[in-house]
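Only one structure is covered here, and it is reproduced in the block below.
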């Protein structure tokens, strides 16, 4: 069985989407419609901006979504039987399985990005990548820290990202190294994504989601929060909202997709990050880029 997977924040690069834009008129039209929906020329930033321009959350998230959906259109969906997305990538996955239109998906992604940026600005916080330690040990140590610090991204065995108040994250990093972590690296982000500190953003996104039409899925999506097959629009909405303050359980999602029959994973969107993670989760499956 074939599974399509869609990347999240961090996979952006200057020039992203230009080859897709130049490849076909229908893809060009789709991408140009993004400028109208967003109210600014995001394509010029994607094609010709700087790394700094692209790192701004309100630019990064829509850019990756636009690239991912354009790539999906370029390969006509590839006849997949299940989909999943890493954090932001879940919105691209919901376009792939018919739950969201491109226009509605982009509007939600833009609102999500603005809400997350506002939450970051209101409460400076941070994230850190923890390498070489079992998930259970990371969870145990985070629970012992005073202040807010939680597991945020279960990326693959031996790679977990924590998120929370800066002081709490720094204290956790020290204790995690003492416990045997190979590395504990503060990430260059000014925000605690997928932690309770995203509560204001969650409320703002929930309001936008409730005003958006969600259709029944044509194929299941394996959502970050539940890690299991979901098709019901109301459940998908609930899980999307919960994702902002809850962890991205990527390892568990991929394991469940494999258990349910996935043997071939195709990454749709910029970069190859998810292919690397999937091979570390289970080296027996095939991974590839859509384009």
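Residue numbers (our numbering): 1 to 291. Idealized CB from N, CA, C, for every residue including glycine.
Please name the residue or residues paired with residue 151 in a DSSP beta bridge.
DSSP, once it has assigned bridges, lists 162 as partnering residue 151.
Where the alpha helix (DSSP H) containing residue 128 begins and where it ends:
The continuous stretches of alpha helix (DSSP H) do not include residue 128, which lies in the beta strand (DSSP E) extending over residues 125 to 131.
Using alpha carbons as the reference points, say which of 233, 223, 253 lies closest to residue 244.
Of the listed residues, the one whose Cα sits closest to residue 244 is 223.
Any Cβ of chain B within less than 8 angstroms of the Cβ of residue 258?
Judged by its chain identifiers, the structure shown contains no chain B, having just a single protein chain.
Same chain, Cβ closer than 8 angstroms to residue 206, neighbours up to 5 away in sequence not counted:
So the list reads 241, once near-sequence residues are dropped.
Pull up the distance between the alpha-carbon of residue 147 and that of residue 47, whole angstroms please.
About 41 angstroms.
Using 8 angstroms for Cβ pairs, my map puts residue 270 next to residue 11. What's the rounded Cβ distance?
The beta-carbon distance between residue 270 and residue 11, rounded to whole angstroms, is 5 angstroms. This is short enough to meet the 8 angstroms contact definition.
Is residue 83 closer than 8 angstroms to residue 96 when the C-beta atoms are compared?
Yes, they are a contact pair.
Figure out for me which residue from 64, 290, 254, 291 has the closest Cα to the Cα of residue 284.
Looking at the Cα atoms, 254 is the closest of the given residues.
Mapping the DSSP letters down to three states, classify residue 265 as helix, strand or coil.
In the three-state scheme derived from DSSP, where H, G and I count as helix and E and B as strand, residue 265 is classed as strand.
Looking at residue 69 and residue 236, is the spacing between their C-beta atoms short of 8 angstroms?
No; because the gap between Cβ atoms is not below 8 angstroms, this pair is not in contact.
Counting only the same chain and skipping the five closest in sequence on each side, list residues whose C-beta sits under 6 angstroms from that of residue 278.
Once the five neighbours on either side are set aside, the close Cβ partners of residue 278 are 254, 265, 287.
Does the count of Cβ pairs from the region 149 to 167 and the region 206 to 220 closer than 8 angstroms reach three?
With the cut-off at 8 angstroms, the region 149 to 167 and the region 206 to 220 do not touch.
DSSP three-state label for residue 41, please.
Correct three-state label for residue 41: coil.
Inter-residue spacing [alpha-carbon to alpha-carbon] between residue 281 and residue 251
Computed Cα separation, rounded: 6 angstroms.
Alpha-carbon to alpha-carbon, residue 45 and residue 54:
In a straight line, the C-alpha of residue 54 is about 7 angstroms away from that of residue 45.
Thinking residue 57 and residue 113 are a contact (beta carbons under 8 angstroms), I'd like their distance in whole angstroms, please.
With 8 angstroms as the limit, residue 57 and residue 113 qualify as a contact, their Cβ atoms being about 5 angstroms apart.
Got a sec? Which residues, its chain only, sit under 7 angstroms from residue 107 by beta carbon, not counting five neighbours each side?
37.
Endpoints, beta strand (DSSP E) assigned at residue 186
Residue range 183 to 186 is occupied by the beta strand (DSSP E) that includes residue 186.
Presumed contact (8 angstroms Cβ cut-off) between residue 126 and residue 186, rounded CB distance
With 8 angstroms as the limit, residue 126 and residue 186 qualify as a contact, their Cβ atoms being about 6 angstroms apart.
Give me the DSSP bridge partner(s) of residue 120.
Answer by DSSP bridge pairing: none, since residue 120 is not bridged.
Inter-residue CB distance, residue 85 and residue 8 (contact presumed, cutoff 8 angstroms)
Between residue 8 and residue 85 the Cβ distance is about 7 angstroms, and since that is below 8 angstroms, they are a contact.
With burial defined as no fewer than 16 other Cβ atoms inside 10 Å of the residue's Cβ, what is the status of residue 116: buried or exposed?
Counting every other CB atom within 10 Å of its CB across the protein chains shown gives residue 116 a total of 16 or more, marking it as buried.
If distances are taken between C-alpha atoms only, which option among 257, 27, 119 comes closest to residue 203?
Check the Cα spacing between residue 203 and each of 257, 27, 119: the tightest is with 119.
8 angstroms Cβ shell around residue 122 - same chain, five flanking residues per side excluded:
Excluding five sequence positions before and after residue 122, the CB atoms of its chain that fall closer than 8 angstroms to its own CB belong to 200, given in chain order.
Please determine, among 231, 238, 20, the residue with the shortest C-alpha to C-alpha distance to residue 218.
Residue 218 has its Cα closest to that of 231, out of 231, 238, 20.
Answer yes if the region 18 to 28 comes into contact with the region 86 to 95, meaning at least three C-beta pairs across the two stretches below 8 angstroms, and no otherwise.
Verdict: no, contact absent.
In the structure shown, what three-state DSSP assignment does residue 272 receive?
Reduced to three states, the DSSP call for residue 272 is coil.
Using C-beta distances below 6 angstroms, list every residue in its chain close to residue 145, excluding the 5 sequence neighbours before and after it, in chain order.
Closer than 6 angstroms at Cβ, skipping near neighbours: 168, 171, 172.
Tell me, which residues are paired with residue 232 by DSSP?
According to DSSP, residue 232 bridges with nothing at all.
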